[in-house]
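Enquirer:
In our numbering, the protein residues as written are 40 to 378.
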């Protein structure tokens with residue numbers, strides 16, 4: 040398949056106007072920030088945006104699709120872009136504007152024939168009937184390539200990167216403590232709609248130092264390890280030593296301290312729930328349904344009607360999706376708490 044058709048299909052996939060798009064080839068080991076800075080130095084392009092990247096199967100480099108504010112067919116663009124002696128250069132590819140219409144072609148053809156002393160009938164006599172045989176293998180190959188192009192975007196869409204974690208104590212500036220990092224990562228692994236290999240890559244991108252070493256050793260021992268295996272290995276190294284059963288008992292016996300705000304108390308319970316989940320003692324779907332029994336916490340429950348009648352001068356902080364279970368079999372929706 041020609042590069043022209045490849046660029047055209049790529050632009051169509053991202054709903055881009057080909058006259059406002061270009062492709063860089065041969066890009067390797069360059070961050071988007073550096074690449075964007077190089078593109079900004081080419082003033083003729085105007086404002087640019089990096090849309091997508093794809094690997095070049097013939098080399099260990101990438102193709103980069105760039106959207107431009109300028110109509111690239113109206114100007115003479117440089118053949119390559121880069122910073123001499125620093126990065127690049129990278130070849131620039133665009134789809135040239137097809138300006139020759141059918142009428143223009145016929146006029147030029149007739150002029151040429153007249154100059155040669157020939158006519159259209161002379162041309163027809165030179166032509167043989169075109170064969171209707173079509174290379175089926177070529178059509179199937181192109182169809183397969185188009186299907187792969189349409190199936191690929193789920194794994195290469197832009198995404199919010201995870202925070203950095205190294206496992207070094209005390210926690211360096213710009214990094215997260217393990218519990219906060221693990222909670223965010225566990226949540227994102229459930230949310231990402233992509234293959235497990237991409238999930239593993241994104242987890243590894245957020246690791247360095249001792250944490251990265253642990254995953255590297257795991258990959259040597261088990262090349263087929265999944266993203267969840269990565270998380271279990273990190274949990275073993277940096278997480279709490281308590282088992283899921285111990286944590287569940289601790290959760291059941293975690294009460295509100297005297298003078299502690301209810302919001303702070305609920306936050307402590309939430310952190311315990313996520314620790315239990317990472318230890319495998321609780322399914323994600325059950326985290327919002329685990330009953331909290333009021334067995335001694337310093338909480339005074341009020342009916343909403345009592346608040347509406349006597350306490351409206353106090354601010355009510357709302358909390359959704361929380362229910363209170365008491366000694367009776369009934370449960371009650373929880374509207375919020377008074378500070």
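The beta-carbon is built from N, C-alpha and C at its ideal position, and this holds for glycine as well. Model, not experiment: these values are computed from the prediction.
1. So, is residue 296 buried or exposed, given that buried needs 16 or more other C-beta atoms within 10 angstroms?
2. Suppose you measure from the CA of residue 229 to the CA of residue 302; what does that come to, to the nearest Å?
3. Would residue 245 be called buried (16 or more neighbouring beta carbons within 10 Å of its own) or exposed?
4. Could you round the C-beta distance between residue 44 and residue 105 to whole angstroms and report it? I think they count as a contact, below 8 Å.
5. Is the region 236-250 touching the region 306-314, taking contact as three or more C-beta pairs under 8 Å?
6. Using beta-carbon positions only, say whether residue 273 and residue 315 come within less than 8 Å of one another.
7. Counting only the same chain and skipping the five closest in sequence on each side, list residues whose C-beta sits under 6 Å from that of residue 87.
8. Comparing C-alpha positions only, which one of 61, 99 and 67 sits nearest to residue 90?
9. Straight-line CA distance for residue 267 to residue 225?
10. Helix or strand or just coil, what does DSSP make of residue 157?
11. Could you tell me the boundaries of the beta strand (DSSP E) in which residue 91 lies?
12. Can you have a look at residue 115 and say buried or exposed, based on whether 16 or more other CB atoms are within 10 angstroms of its CB?
13. Do residue 66 and residue 129 have their C-beta atoms within less than 8 Å of each other?
14. Using the beta-carbon count (16 or more within 10 Å), is residue 214 buried or exposed?
15. Ignore the nearest five residues each way along the sequence and tell me which others in residue 47's own chain have a CB closer than 8 Å to its CB.
16. Considering only DSSP beta bridges, list what residue 273 is partnered with.
17. If you drop the 5 nearest sequence neighbours on each side, which residues of the same chain put their C-beta closer than 7 Å to that of residue 293?
18. To which residues does DSSP link residue 60 through a beta bridge?
19. Just how far apart, CA to CA, sit residue 210 and residue 203?
20. Quick one: is residue 98 buried, meaning 16 or more other Cβ sit within 10 Å of its Cβ, or exposed?
21. May I ask you to report which of helix, strand or coil DSSP gives residue 374?
22. When you compare only the Cα positions, how much space is there between residue 200 and residue 355?
Expert: Taking the coordinates as given:
1. Exposed.
2. Residue 229 and residue 302: Cα-Cα distance of roughly 26 Å.
3. buried
4. 18 Å between Cβ atoms; not a contact.
5. no
6. no
7. 78, 105 and 107
8. Considering only 61, 99 and 67, the residue with the shortest C-alpha distance to residue 90 is 61.
9. 9 Å
10. coil
11. First-last of the beta strand (DSSP E) with residue 91: 87-94.
12. Classification of residue 115: exposed, given that the 10 Å Cβ count is below 16.
13. yes
14. Per the 10 Å Cβ criterion, buried.
15. These residues qualify, in order along the chain: 57 and 134.
16. For residue 273, which the question treats as bridged, DSSP gives no partner whatsoever.
17. 307, 308 and 311
18. Per DSSP, 106.
19. 11 Å
20. exposed
21. coil
22. Whole-angstrom Cα-Cα distance: 36 Å.
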